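Just so we're aligned: 82 in UniProt numbering is position 82 of the sequence shown, and the numbers increase by one with no gaps anywhere. Cβ coordinates follow ideal geometry from the N, Cα and C atoms, glycine included. Source: prediction; values computed, not measured.
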Amino acid sequence: MSRINILVTGASGLLGRYLLKSQRKHSLFLAKHSAPISGVLGFKEIKLDITKKGELEKVFSENSFDACIHAASIGNVDECEKNRELAFRTNAEATENLAKLCEEHATKMVYTSTNAVFDGRKNIYSELDTPKPLNYYGKTKLLGEKAVENASSENAVLRLNTMYGWNNEGERGNPATWCIQMLRQKKQIKVVDDIYNNHLYAGSAAEAVWKCIELKESGLFHVAGAECVDRYSFSVKVAEVFGLDSKLIFPVKNSFFKEIAPRPMKTCYSTEKMEKALKFKPLSLLNGLSLMKEEEQLLH
Ligand SMILES: NC(=O)c1ccc[n+]([C@@H]2O[C@H](COP(=O)([O-])OP(=O)(O)OC[C@H]3O[C@@H](n4cnc5c(N)ncnc54)[C@H](OP(=O)(O)O)[C@@H]3O)[C@@H](O)[C@H]2O)c1
Numbered sequence: 001m002s003r004i005n006i007l008v009t010g011a012s013g014l015l016g017r018y019l020l021k022s023q024r025k026h027s028l029f030l031a032k033h034s035a036p037i038s039g040v041l042g043f044k045e046i047k048l049d050i051t052k053k054g055e056l057e058k059v060f061s062e063n064s065f066d067a068c069i070h071a072a073s074i075g076n077v078d079e080c081e082k083n084r085e086l087a088f089r090t091n092a093e094a095t096e097n098l099a100k101l102c103e104e105h106a107t108k109m110v111y112t113s114t115n116a117v118f119d120g121r122k123n124i125y126s127e128l129d130t131p132k133p134l135n136y137y138g139k140t141k142l143l144g145e146k147a148v149e150n151a152s153s154e155n156a157v158l159r160l161n162t163m164y165g166w167n168n169e170g171e172r173g174n175p176a177t178w179c180i181q182m183l184r185q186k187k188q189i190k191v192v193d194d195i196y197n198n199h200l201y202a203g204s205a206a207e208a209v210w211k212c213i214e215l216k217e218s219g220l221f222h223v224a225g226a227e228c229v230d231r232y233s234f235s236v237k238v239a240e241v242f243g244l245d246s247k248l249i250f251p252v253k254n255s256f257f258k259e260i261a262p263r264p265m266k267t268c269y270s271t272e273k274m275e276k277a278l279k280f281k282p283l284s285l286l287n288g289l290s291l292m293k294e295e296e297q298l299l300h
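Printed below as a string of structure tokens:
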């Protein structure tokens, strides 16, 4: 594929960091909101608050994009429950506005959605299963999916499973970084053993996005890691790979935490479609966490 122009929203986030790390071929335009974006050498930055329709229109009138990777969102589930108006404007309304602009400008959109569109009452979810979000975050992301699908059949929706990897400083952490941080401080942690995911290494999520663009794939894809494990087992694996004390990790039930937003209990994916169409295999936890460990060693 020849070099194309791609608008990337959410470039300072976890997925954004791995998208930039793994891409040197195309011409990227990085939407910058409040946080600084690292790894931008050679890429163009554009100031953009996606909730401001006028700013979105200006960006499209001043630039020409072949594709848009939409990874900006309010992803904190409890924050979305508390601040519904902001969650709706960012995750649903802004996505719809962006999808309409992409359609008008013949820009292919790759939208990143979530396992939170499901209620978690099924063993394994495929792309054919009907979404039924339990929390407001899941509801707004599902509205985003619908807007992207309605705008053009060329668009792609990648439903990412819960991600892990190194986030940029000041940005949202994740189950792996939190566990590493706490265990390094020799703190005891309580982790739920009744919520299951096939956790996704953020580098694999980035690979799925690039494959989708390079292979010109459209439609809905579930993207996940290889094993369906509970959060406690995930944390024990993190401790093993990073040489930390797993005896500091204690299993509890989800009901132990008085969280604001309800969580789906089991949202593991079938990755058959991803493997066939996007031509890549789900990564094992051991391999994903080992890559994370190598990345940290490279930084020091
Ligand atoms: N992390 C996960 O486990 C997970 C799981 C499933 C799906 N996803 C989906 O994957 C995508 C990427 O998630 P992530 O975890 O990498 O995100 P993240 O680390 O939470 O980062 C969110 C990004 O969105 C940007 N953003 C927020 N509000 C914005 C606004 N009004 N205008 C422009 N940019 C704005 C943030 O920029 P500022 O910091 O500058 O505001 C940041 O770059 C999202 O669509 C998310 O829903 C994530």
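- Distances taken from the Cβ of N174 to the heavy atoms of ligand 1 include one shorter than 8 Å.
- Here the alpha carbon of M292 sits roughly 12 Å from the alpha carbon of M163.
- Here A208 really is in contact with V223; their C-beta atoms are around 4 Å apart, less than 8 Å.
- For R159, the uninterrupted beta strand (DSSP E) run begins and ends at A156 to L160, by DSSP.
- The residue among A206, F280 and M274 with its C-alpha nearest the C-alpha of Y18 is A206.
- Around the CB of A106, fewer than 16 other CB atoms lie within 10 Å, so the residue is classed as exposed.
- The straight-line gap separating the alpha-carbon atoms of E127 and Q297 is approximately 37 Å.
- Contact between V8 and L30 holds, since their C-beta atoms are separated by about 5 Å, short of 8 Å.
- The closest CA to that of Y232, considering only V191, A176 and E217, is found on V191.
- For K108 against E57, the beta-carbon gap comes to about 19 Å, at or over 8 Å, which does not count as contact.
- DSSP lists K47 as the bridge partner or partners of K32.
- Contact annotation, P264 with L134: C-beta distance approximately 6 Å; criterion of less than 8 Å satisfied.
- The closest CA to that of C228, considering only V252, I46 and L285, is found on L285.
- For K25, the closest alpha carbon among the candidates L41, L158 and A94 is that of L41.
- Distances from the alpha-carbon of I180 to those of F234, E103 and S204 put F234 closest.
- Counting along the chain, no beta strand (DSSP E) covers G203; the unbroken alpha helix (DSSP H) around it starts and ends at A202 to E214.
- Residue environment analysis places F65 among the buried positions, since at least 16 neighbouring C-beta atoms fall within 10 angstroms of its C-beta.
- A67 carries a strand assignment under DSSP once its states are collapsed to helix, strand and coil.
- For T90, no alpha helix (DSSP H) run applies, since DSSP gives it neither H nor E.
- Under the three-state reduction of DSSP, L244 is assigned to coil, being neither helix nor strand.
- Excluding the 5 residues flanking it on each side, G225 has same chain C-beta neighbours closer than 8 Å at N161, N198, H199, L200, Y201, S204, P282, L283, S284, L285 and G288, in chain order.
- Distance from the Cα of F250 is smallest, within the candidate group Q188, G219 and G75, for Q188.
- For the pair R172 and S61, the Cα-to-Cα distance works out to about 32 Å.
- A distance below 7 Å between beta-carbons, with the five flanking residues on each side excluded, links F242 to the following residues of its chain, in chain order: I180 and K293.
- Going by DSSP, V59 is part of no beta strand (DSSP E) but of the alpha helix (DSSP H) stretching over K53 to E62.
- Per DSSP, N150 is one residue of the alpha helix (DSSP H) stretching across Y136 to A151.
- Taking the Cα of K139 as reference, the smallest distance to any Cα among A116, S12 and L98 is reached at A116.
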